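Trainee: Dropping the structure in here first, questions after.
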Amino acid sequence: MKEAEILPISQTNVQLIHQLRTQGIPRSQLERLSDACDFMGELTAGGYRATGRPFYNHLIGVASITAMETHEIDLIIAALLHSIYELGRFPGWLLPPRLKARRELVANRIGNLTETIIYRYHTADWQYYLNAENIPSLSPEEKNILLLKLADMLEDFIEETGPIATQKDALWPLSKLDDPISHIIRISDGINTENITSYFKYMARQPADKLIERTASMTYFHAPMRLILPYRIKAALRRLRRP
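Heads up: the sequence shown runs through residues 1 to 243, numbered per the UniProt record's numbering.
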């Protein structure tokens with residue numbers, strides 16, 4: 001099979017909206033996406049990846065990769081917020097996690113359908129989903145969840161094979177396999193995500209480019225909450241002023 005073209009991956013909200021606009025996504029859906037980007041920014045302000053790259057950019061990248069495979073706006077927004085229950089800074093984030101309250105907050109901002117996709121991703125059994133033998137029995141909804149995971153793993157892999165080396169295992173669900181890339185490609189082929197397949201094949205051919213070593217292994221928050229609070233207040237006031 002001929003490999004798909006290697007397309008640029010968006011890293012900002014402006015790039016992502018432009019990408020979807022060129023794909024023919026209607027304005028009403030782009031407005032939903034823009035609001036979701038603002039919401040994601042509120043929950044991730046001050047967050048950085050193990051490489052020191054803003055968490056915001058990673059989430060935009062996952063949504064961008066997802067949009068290369070589907071035009072379903074609910075899936076694209078779910079990709080944008082796929083790990084928000086794990087890493088988002090919700091109100092009262094210092095308290096023990098209250099998933100029900102967080103789900104209600106997210107559903108109120110982005111809609112029940114999209115929130116349900118995010119929740120299913122958050123609670124997914126990845127050992128089951130990432131078993132290539134199970135692909136034929138997956139429902140369309142389950143394949144959509146797997147699409148988000150593949151997009152996340154690809155975005156991770158591209159970042160972690162760049163010039164900054166970290167302690168993070170970008171392919172952690174499959175790290176015990178002898179050849180995890182071949183396994184991912186088999187899964188990606190199984191759900192017909194041609195662009196993701198081509199990207200993994202392309203990245204597997206690239207030489208290692210490690211210039212800087214970092215000891216971080218996961219997303220961390222660098223900015224104190226007192227620096228983030230004004231942004232949240234401003235965002236809340238803006239929502240209240242909407243007609």
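Cβ atoms here follow ideal geometry from the backbone N, Cα and C, with glycine treated the same way.
No experiment lies behind these values; they were computed from the predicted model shown.
Quick check on this structure: which residue in Leu20, Arg53, Gly41 has the alpha carbon closest to the alpha carbon of threonine 66?
Mentor: The residue with the shortest Cα to Cα distance from threonine 66 is Leu20.
Trainee: If you scan the UniProt domain "DUF6817" (42–124) from start to end, which runs of the alpha helix (DSSP H) of 4 or more residues do you find wholly inside it?
Mentor: If we require 4 residues or more, the alpha helix (DSSP H) runs fully inside the UniProt domain "DUF6817" (42–124) come out as 55–67, 73–80, 84–87, 99–110, 112–122.
Trainee: Can you check DSSP and say which residues form a bridge with glutamate 213?
Mentor: Per DSSP, Ala165.
Trainee: Closest to tyrosine 56 by CA distance: which of Lys201, Asp74, His71, Ser83 is it?
Mentor: Per the Cα distances, Ser83.
Trainee: Does the ligand MN have a heavy atom nearer than 6 Å to the CB of leucine 237?
Mentor: No copy of the ligand MN appears in this structure; indeed no ligand is present at all.
Trainee: Measuring alpha carbon to alpha carbon, tell me which residue in Gly88, Glu72, Asp169 is nearest leucine 59.
Mentor: Nearest of Gly88, Glu72, Asp169 to leucine 59, Cα basis: Gly88.
Trainee: For proline 163 and leucine 240, what's the separation of their Cα atoms in angstroms?
Mentor: In a straight line, the C-alpha of proline 163 is about 43 Å away from that of leucine 240.
Trainee: Kindly indicate the opening and closing residues of the alpha helix (DSSP H) around lysine 143.
Mentor: Run containing lysine 143: 140–160, per the alpha helix (DSSP H) assignment.
Trainee: Determine contact between the segment 115–129 and the segment 21–34, defined as no fewer than three beta-carbon pairs at a distance below 8 Å.
Mentor: Not touching, per the Cβ criterion.
Trainee: Quick one: what's got a C-beta closer than 6 Å to alanine 165's C-beta in the same chain, skipping five residues either side?
Mentor: Excluding sequence neighbours, alanine 165 sits near Lys210, Glu213.
Trainee: Are there 16 or more other CB atoms within 10 angstroms of the CB of arginine 205, so buried, or fewer, so exposed?
Mentor: Arginine 205 comes out exposed.
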